[in-house]
Amino acid sequence: MSGLHHVTAIAGDAARNHDFYTRVLGLRFVKKTVNYDDPGTYHLYFGDETGSPGTILTFFPWGHMPQGRGGVGLTQTTTYRVPESAIGYWAHRFVELGVKHEAIEKRFGESVLGFTDPDGLGLALVGVAGAESEKAWAGSDVPVEHAIRGFHGATLLLDDAKATAGVLDVLGYEEVAREGSSIRFKARGSDVGNVIDIREAKGFLPGRMGRGSVHHLAFRAKDDQEQADMRRRLVEEHRMHVTEQIDRNYFRSMYFKEPGGIIFEIATDQPGFSIDEPVESLGTKLVLPPFLEGRRAQIEAHLVPLKEVA
Ligand code: ZN
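The opening residue of the sequence shown carries number 947 in my numbering; numbering runs sequentially from there.
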């Protein structure tokens, strides 16, 4: 299986972020932990029932960061799959709940409903034929027949697509279509999270990462061996500087900056989010990795409760 593993973005207020993704979008809160490199801040994970690869959107709530600005070298839009028949439901829901959204458009033959989260993160729902038969989280107010089925993919805004296309090939993607200035790539052998669109915008202003920006995109490797093979090809054939493997508790990761300037990660499918709490109670308490457990009281005292939405 290839495709997106997770997407990590930067939020402002943690409670507002949690409220939007669970109540408004109906995702499951699958993990409440801290940023391992910055334990004073949360790392929040939203996905399907188990946090399957291809469904996980994670946030670093960094309220001190300035607002990001879209542009070249950043992910422009993160897209979710919904059944084709659900697009109307969502347009109506966004009106009712006051979510900033755009008119429904057709892209690559699919209906796309663009919207933004409270920090201005660019998102879209894409109506996909047949997605109604895929599983969805049933524990929210969103009726299951309309619920989000994981990622559709992401749109990257780049100066030039060519070198990035070579890197995407290593990650399991191939070009399948072009429309206007967009090139569509699809991951071989998977449905969820299998689309990357590159929009070429030569000479356009570079983006600036901040609140409301995607921090990085993580791509799937089924195991350590596949990850090591991808690393070798990225280094040898594409001269990428790829980090050594880092243990993120729920997956094992390597990072590099792709030629267009976006941070890419390769994350293993294993071991997953039930490694340190049962599936039934995922996301209900603060989980810390063993190396931070000794500092729990101090860490908890710093974190703002997630239920109080301003
Ligand atoms: Zn990541």
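Built from N, CA and C at the ideal position, the CB exists for glycine as well.
Quantities reported herein were computed from a predicted structural model and do not represent experimental measurements.
Checking the 6 Å criterion, the Cβ of threonine 1024 is out of range of every heavy atom belonging to the ligand ZN. The beta carbon of proline 1012 is closer than 6 Å to those of Gly1156 in its chain, skipping five residues each way along the sequence.
The three-state reading of DSSP puts alanine 1037 in helix, counting H, G and I together. For the pair of segments examined, the stretch 975-985 was found to touch the stretch 1218-1235: the number of CB pairs separated by less than 8 Å reaches three. Within the same chain, Cβ atoms closer than 6 Å to the Cβ of leucine 1180 are found at Val1116, Met1186, Val1188, the five residues on either side in sequence being excluded. For proline 1251, the CB contacts under 8 Å within the same chain, skipping 5 residues up- and downstream, are Ala961 in chain order. Between the alpha carbons of alanine 1070 and alanine 1167 lies a gap of roughly 25 Å. Taken from the Cβ of threonine 1001, every heavy atom of the ligand ZN lies 6 Å or farther away.
In terms of CA proximity to glycine 972, Gly1085 leads the group Gly1066, Gly1085, Gly1240. Two segments are said to touch when three or more pairs of C-beta atoms, one from each, lie closer than 8 Å; by this definition the stretch 1145-1161 touches the stretch 1015-1032. Distance between aspartate 1105 and arginine 1241, taken at the CA atoms: about 44 Å.
In the displayed model, serine 1057 falls within a strand according to three-state DSSP.
With fewer than three CB-CB distances shorter than 8 Å, the stretch 1051-1067 does not count as touching the stretch 986-998.
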